[in-house]
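K.L.:
Chains as they are written, first to last, in UniProt numbering: chain A, 1 to 306; chain B, 1 to 306. One structure follows; several queries about it will come next.
There are 2 protein chains.
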Amino acid sequence: MVLPEPGLPARVRIHEVGARDGLQNEKATVPTEVKAEFVHRLADAGLTTIEATSFVHPKWVPQLADAEALMPLLGDLDGVRLPVLVPNERGLDRALALGVREIAVFGSATESFAKANLNRTVDESLAMFEPVVAKARDAGASVRGYLSMCFGDPWEGAVPVDQVAGVAKRLADLGCDELSLGDTIGVATPGHVTALLTTLGEAGLPAARLAVHFHDTYGQALANTLAALRFGVTTVDASAGGLGGCPYAKSATGNLATEDLVWMLTGLGIDTGVDLARLTATSVWMAGHLGRPSPSRTVRALSHEE
Amino acid sequence: MVLPEPGLPARVRIHEVGARDGLQNEKATVPTEVKAEFVHRLADAGLTTIEATSFVHPKWVPQLADAEALMPLLGDLDGVRLPVLVPNERGLDRALALGVREIAVFGSATESFAKANLNRTVDESLAMFEPVVAKARDAGASVRGYLSMCFGDPWEGAVPVDQVAGVAKRLADLGCDELSLGDTIGVATPGHVTALLTTLGEAGLPAARLAVHFHDTYGQALANTLAALRFGVTTVDASAGGLGGCPYAKSATGNLATEDLVWMLTGLGIDTGVDLARLTATSVWMAGHLGRPSPSRTVRALSHEE
């Protein structure tokens, strides 16, 4: 039974982050061959944008130290975009050398997190991204800009929407094709989402250029997604099986689970192209490799794990 | 930072079901004194409607076999409503003898669940409720009618909104002051909620007379709640700490957790009167008695259990 609510989009593109954002925040390190199979299974399940890995220095993210080995194993998946995260020019050069055609940079809306995560001020981090974005675009690669801590920050509390819009505008002006608004600690609620999207629209950043990246730390991710969809956002980040804890809130629950998102969107009559049974089977399989059950409610319900 | 969305109510009344619906579906049986302390702690946390127990035959729900012993321990909590579930006239008489002033009956929108849960057809169960509701009202008690399987049914699949509206109308016409629409297996999505509420309104049942009772089995409960709030519903059922598994879906996750609900409502600037820190402490305390961690994401995040 398909019962859409008025004003919602007919189709949503899911930006799958499990292989990068998910695995980067799991304690267990997964063998390269398993990661490659994971990406292939995600593509088989119908996902068309699969963030594959990160070219950050292995010292900072040992879980993804095998980026160079992984990319050739992925091959050329027909119709599937395989963006990768790059922290700086050196990471970009490594990615471009492997034929990557889509990259992402990872910025912060707050000074505290910029300092904690990038060891730079917000100004310094934007200065670092500038040549990365320019070089990527010169090489014909499209660029996504992640903006973290868009709602709350563990050190600063609630983050003013004008502050977020200011940093978002500068990141967009560097040349990012898309901005992904991250609720890194999962504290946002739907009214806050609408307020931020309104402010961003007024700042010249329409919903069509934005993605939302919600964490389910406080169980709010789907309600927030619904608010964003109503506002016209059609790109939603999610992580298969809810992979990835939240390092900045002591909770096993981090990213919105792709399965929970697909359940809602399917019920709303919104096309995602995803085969939920295949995706759930993939998440159960990956949970076996990680040695912990999936935190996704839909995965648990459909797989009868408990 | 309070950022309400337009069209939402200023205040929501939470109908707390943890002590009844929650404990009735937990494996562990809690001592009567612990139940009494639980209800007192819920009241201390600011909840004003706390469903206390059920006067069903102990053979069917052994976890709540101590209803007669429990009620006198609760005393007269100032400003707090303490409804109880009654399955039939015998249960009603037991409750009224203890001074109960608010009762609930538990019906089904589908024949399959009426048969499985009540061993009656829908017609037969409504006939059973008729004298119960009449006698309760004669005694000055208010009556809530639960209607389960309002969205999906494990045997019948999706439940047509017209079928739900038909049973709901008959239950209301018996004299129920309020109807609580249950998504017993947690499969609903927001568009389905809006569609059902629309159909109920057309059938003469306005939002003011309705409550929603969502299960979080597939992670949809808060998104569904948001859809109901937009429609004008101002009474929302929830269970402290998410107590109560879901016996009809093999998942540890049943009722919407009150804490997750309060987090969303507070962020939306909607008054609930609930002190979230006190409520979370109560759920952590109860989880200790039950020997399993709370499935509430907000409880986990705030209590740093993991």
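Just so you know, even glycine gets a beta-carbon here, dropped at the ideal spot from N, CA and C. Quantities reported herein were computed from a predicted structural model and do not represent experimental measurements.
For a contact defined as C-beta to C-beta under 8 Å, what are the partners of Thr-258 (chain B) on chain A?
P.N.:
As a first step, residue 258 (chain B) is located in the second sequence; it is residue number 258 there, counting from the start. The contacting residues do not exist; Thr-258 (chain B) stays about 11 Å from chain A at best.
K.L.:
Looking only at its own chain, which residues have a Cβ that is under 7 Å from the Cβ of residue 319 (chain A), when we skip the five neighbours before and after it?
P.N.:
Nothing about residue 319 (chain A) can be reported from this structure: the residues present for chain A run from 1 to 306 only.
K.L.:
Can you tell which of A:Thr-258, A:Ala-165, A:Asn-25 has its C-alpha closest to the C-alpha of Leu-205 (chain A)?
P.N.:
Sequence index remark: in the first sequence, residue 205 (chain A) carries index 205 (1-based). It is A:Ala-165.
K.L.:
Give the range of the alpha helix (DSSP H) segment to which Ala-301 (chain A) is assigned.
P.N.:
Mapped onto the first sequence, residue 301 (chain A) falls at position 301. Here the alpha helix (DSSP H) through Ala-301 (chain A) covers 297 to 303.
K.L.:
Judging by CA-CA distance, which residue of B:Ala-228, B:Ala-116, B:Val-299, B:Gly-7 is the nearest neighbour of Glu-156 (chain B)?
P.N.:
Locating residue 156 (chain B) in the second sequence gives position 156, counting from the first residue. It is B:Ala-116.
K.L.:
Under 7 Å between C-beta atoms, does Glu-68 (chain B) make it to chain E?
P.N.:
Of the protein chains in the structure, A and B, none is chain E.
K.L.:
By Cβ distance, which residues of its chain are closer than 8 Å to Ser-108 (chain A), with the 5 residues on each side in sequence left out?
P.N.:
On the first sequence, residue 108 (chain A) is found 108 positions in, with the first residue counted as 1. The answer, listed in chain order, is Ala-114, Asn-117, Leu-118, Val-122, Ser-125, Leu-147, Ser-148, Met-149, Val-167.
K.L.:
So, at 6 Å on beta carbons, what are the nonlocal neighbours of Arg-101 (chain B) in its own chain, with the 5 sequence-adjacent residues on each side left out?
P.N.:
Against the second sequence, residue 101 (chain B) aligns to sequence position 101. So the qualifying residues of the chain are Ala-141.
K.L.:
With DSSP collapsed to three states, give me the class of Leu-147 (chain B).
P.N.:
In the second sequence, counting from the first residue as 1, residue 147 (chain B) sits at position 147. Three-state DSSP puts Leu-147 (chain B) in a strand.
K.L.:
Any C-beta of chain A sitting closer than 7 Å to the C-beta of Ala-277 (chain B)?
P.N.:
Position 277 of the second sequence, counted from the start, is the residue given in the question as residue 277 (chain B). Not one chain A Cβ lies under 7 Å of Ala-277 (chain B).
K.L.:
Would you mind stating whether residue 320 (chain A) and Leu-174 (chain A) have Cβ atoms separated by less than 7 Å?
P.N.:
Absent from the structure is residue 320 (chain A), since the part of chain A shown begins at 1 and ends at 306.
K.L.:
From what residue to what residue does the beta strand (DSSP E) around Thr-235 (chain A) run?
P.N.:
Here residue 235 (chain A) is taken as the residue at index 235 of the first sequence, counted from 1. Note, Thr-235 (chain A): beta strand (DSSP E), 235 to 238.
K.L.:
Whole-angstrom Cβ separation of Thr-266 (chain A) and Ala-238 (chain A), contact assumed at under 8 Å?
P.N.:
Position 266 of the first sequence, counting from 1, holds the residue named residue 266 (chain A). Position 238 of the first sequence, counting from 1, holds the residue named residue 238 (chain A). The pair is not a contact, with the Cβ atoms about 13 Å apart (cut-off 8 Å).
K.L.:
Considering only their Cβ atoms, is the gap separating Val-233 (chain A) from Val-262 (chain A) smaller than 7 Å?
P.N.:
For the purposes of this step, residue 262 (chain A) is taken as residue 262 along the first sequence, with counting starting at 1. For the purposes of this step, residue 233 (chain A) is taken as residue 233 along the first sequence, with counting starting at 1. No. Outside cutoff.
K.L.:
Using a cut-off of 8 Å between C-beta atoms, extract the partners of Asp-216 (chain B) located in chain A.
P.N.:
Here residue 216 (chain B) is taken as the residue at index 216 of the second sequence, counted from 1. In chain order: Gly-219, Arg-297.
K.L.:
Candidates A:Thr-280, A:Asp-275, A:Gly-241: which alpha carbon is nearest Glu-26 (chain A)'s?
P.N.:
The residue you call residue 26 (chain A) lines up with position 26 of the first sequence. It is A:Gly-241.
K.L.:
Buried or exposed: Asp-78 (chain B), going by 16 or more other Cβ atoms within 10 Å of its Cβ?
P.N.:
For this step, residue 78 (chain B) is matched to residue 78 along the second sequence. Burial call: exposed.
K.L.:
Nearest to Thr-29 (chain A) by CA position, among A:Arg-300, A:Leu-302, A:Arg-297, A:His-289, is which residue?
P.N.:
Position 29 of the first sequence holds residue 29 (chain A). Residue A:His-289 is the option with its Cα nearest to Thr-29 (chain A).
K.L.:
Please check if any C-beta of chain B sits within less than 7 Å of the C-beta of Trp-155 (chain A).
P.N.:
On the first sequence, residue 155 (chain A) is found 155 positions in, with the first residue counted as 1. With 7 Å as the cut-off, Trp-155 (chain A) does not count as an interface residue toward chain B.
K.L.:
To the nearest angstrom, report how far apart Asp-177 (chain A) and Thr-280 (chain B) are at their CA atoms.
P.N.:
Within the first sequence, the letter at position 177 stands for residue 177 (chain A). Within the second sequence, the letter at position 280 stands for residue 280 (chain B). Distance between the alpha carbons of Asp-177 (chain A) and Thr-280 (chain B) is about 42 Å.
K.L.:
Spatial neighbours of Pro-62 (chain B) within its chain, please: C-beta separation below 8 Å, excluding the five flanking residues on both sides.
P.N.:
On the second sequence, position 62 is the one that residue 62 (chain B) refers to. Closer than 8 Å at the Cβ level, and outside the excluded window around Pro-62 (chain B), lie Thr-29.
K.L.:
Strictly by DSSP, which residues pair up with Ser-54 (chain A)?
P.N.:
In the first sequence, residue 54 (chain A) corresponds to position 54, counting from 1. Bridge partners of Ser-54 (chain A): A:Leu-85.
K.L.:
Take Leu-243 (chain A) and list the residues in its own chain whose beta-carbon comes closer than 6 Å to its own, dropping the five residues that flank it on each side.
P.N.:
To locate residue 243 (chain A), count along the first sequence from 1; it is residue 243. Closer than 6 Å at Cβ, skipping near neighbours: Gly-18, Gly-22.
K.L.:
Just curious, the alpha helix (DSSP H) that Val-193 (chain B) is in, first and last residue?
P.N.:
Looking up residue 193 (chain B) in the second sequence gives position 193. Where Val-193 (chain B) is concerned, the enclosing alpha helix (DSSP H) stretches over 190 to 202.
K.L.:
Helix, strand or coil, according to DSSP, for Asn-117 (chain A) in the structure here?
P.N.:
As a position in the first sequence, residue 117 (chain A) is number 117, starting the count at 1. Asn-117 (chain A) falls in the helix class under three-state DSSP.
K.L.:
Is it buried or exposed for Lys-20 (chain B), if we count other Cβ within 10 angstroms and need 16 for buried?
P.N.:
Taking the first residue of the second sequence as position 1, residue 20 (chain B) is located at position 20. Strictly speaking, residue 20 (chain B) in this sequence is Arg, with Lys absent from that position. Flag for Arg-20 (chain B) reads buried.
K.L.:
How about Leu-210 (chain A) and Leu-179 (chain A): do their beta carbons lie closer than 7 Å?
P.N.:
Within the first sequence, numbered from 1, the residue matching residue 210 (chain A) stands at position 210. Within the first sequence, numbered from 1, the residue matching residue 179 (chain A) stands at position 179. Yes, the Cβ-Cβ distance between Leu-210 (chain A) and Leu-179 (chain A) is below 7 Å.
K.L.:
Checking contacts by CB at 7 Å: is Leu-226 (chain A) closer than that to chain B?
P.N.:
In the first sequence, the residue the question calls residue 226 (chain A) occupies position 226. Cβ-Cβ to chain B under 7 Å: yes for Leu-226 (chain A).
K.L.:
Any idea what DSSP makes of Thr-225 (chain B), helix, strand or coil?
P.N.:
The count along the second sequence starts at 1 and reaches residue 225 (chain B) at position 225. Three-state result, Thr-225 (chain B): helix.
K.L.:
Pick from B:Thr-217, B:Gly-245, B:Val-193: whose alpha carbon is nearest that of Ala-228 (chain B)?
P.N.:
Within the second sequence, numbered from 1, the residue matching residue 228 (chain B) stands at position 228. Minimum Cα distance to Ala-228 (chain B) is reached at B:Val-193.
K.L.:
Please name the residue, chosen from A:Gly-182, A:Leu-92, A:Arg-13, that lies closest to Asp-138 (chain A) on a Cα-to-Cα basis.
P.N.:
Reading the first sequence from its first residue, position 138 is the one you call residue 138 (chain A). It is A:Leu-92 whose Cα lies nearest to the Cα of Asp-138 (chain A).
K.L.:
What would DSSP say about Ala-257 (chain B), mapped onto helix, strand or coil?
P.N.:
Taking the first residue of the second sequence as position 1, residue 257 (chain B) is located at position 257. In this structure, Ala-257 (chain B) counts as strand in the three-state DSSP scheme.
K.L.:
Using a Cβ-Cβ cut-off of 7 Å, state whether Thr-272 (chain A) counts as contacting chain B.
P.N.:
Sequence index remark: in the first sequence, residue 272 (chain A) carries index 272 (1-based). No, no contact with chain B.
K.L.:
Express the C-alpha separation of Ala-97 (chain B) and Gly-273 (chain A) in angstroms, rounding to a whole number.
P.N.:
Within the first sequence, numbered from 1, the residue matching residue 273 (chain A) stands at position 273. Within the second sequence, numbered from 1, the residue matching residue 97 (chain B) stands at position 97. Cα to Cα, Gly-273 (chain A) sits roughly 58 Å from Ala-97 (chain B).
K.L.:
For the alpha helix (DSSP H) containing Gly-166 (chain A), list its first residue and its last residue.
P.N.:
By one-based count along the first sequence, residue 166 (chain A) stands at place 166. Run containing Gly-166 (chain A): 161 to 173, per the alpha helix (DSSP H) assignment.
K.L.:
If the cut is a Cβ gap below 7 Å, which residues of chain A does Trp-60 (chain B) touch?
P.N.:
Here residue 60 (chain B) is taken as the residue at index 60 of the second sequence, counted from 1. Within chain A, no residue comes near Trp-60 (chain B); the closest Cβ sits about 23 Å away, beyond 7 Å.
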